[in-house]
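Notes follow once the structure below has been shown.
Residue numbers (the numbering used here): 4 to 107.
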């Protein structure tokens, strides 16, 4: 059973500190008070993730592993150039995913 929160606490922070606290709470999609309590009490902060993004990132990792495996088997110049090109595409895709996460 959750403990009812009845007591208030006033804390003075600078405008810069407040902006940073709000930014961090927002990034984690948490109310400021929840974030503040978790941080002050050294509690583990759990980030809720988008399952679709996690799957995309896992697929990128799998593909990178396949490329590395192929490079280890056939390391000629053409294969390395192809692998580099594919890695650049994965890098761009991963950056798009990270940008989406940052927007949330």
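Don't be surprised by glycine CBs; every beta carbon is placed ideally from N, CA and C.
Return the Cβ separation of residue i and residue j in integer angstroms, given the expectation that the two are a contact with Cβ distance under 8 Å.
{"i": "residue 56", "j": "residue 104", "result": "7 Å"}
{"i": "residue 86", "j": "residue 60", "result": "The pair is not a contact, with the Cβ atoms about 19 Å apart (cut-off 8 Å)."}
{"i": "residue 27", "j": "residue 38", "result": "6 Å"}
Measure the alpha-carbon distance for residue i versus residue j and round it to whole angstroms.
{"i": "residue 66", "j": "residue 31", "result": "29 Å"}
{"i": "residue 29", "j": "residue 75", "result": "43 Å"}
{"i": "residue 64", "j": "residue 47", "result": "27 Å"}
{"i": "residue 68", "j": "residue 97", "result": "15 Å"}
{"i": "residue 72", "j": "residue 15", "result": "55 Å"}
{"i": "residue 24", "j": "residue 84", "result": "45 Å"}
{"i": "residue 10", "j": "residue 102", "result": "38 Å"}
When the Cα of residue i is compared with those of the options, which residue comes out closest?
{"i": "residue 13", "options": "36, 6, 72 and 27", "result": "36"}
{"i": "residue 53", "options": "100, 94 and 17", "result": "100"}
{"i": "residue 62", "options": "93, 19 and 5", "result": "93"}
For residue i, I'd like the list of residues in its chain whose CB is within less than 6 Å of its CB, leaving aside the five on either flank, ordered along the chain.
{"i": "residue 42", "result": "none"}
Can you name, in chain order, every residue of its own chain whose Cβ lies under 7 Å from the Cβ of residue i, other than the five neighbours on each side?
{"i": "residue 89", "result": "70"}
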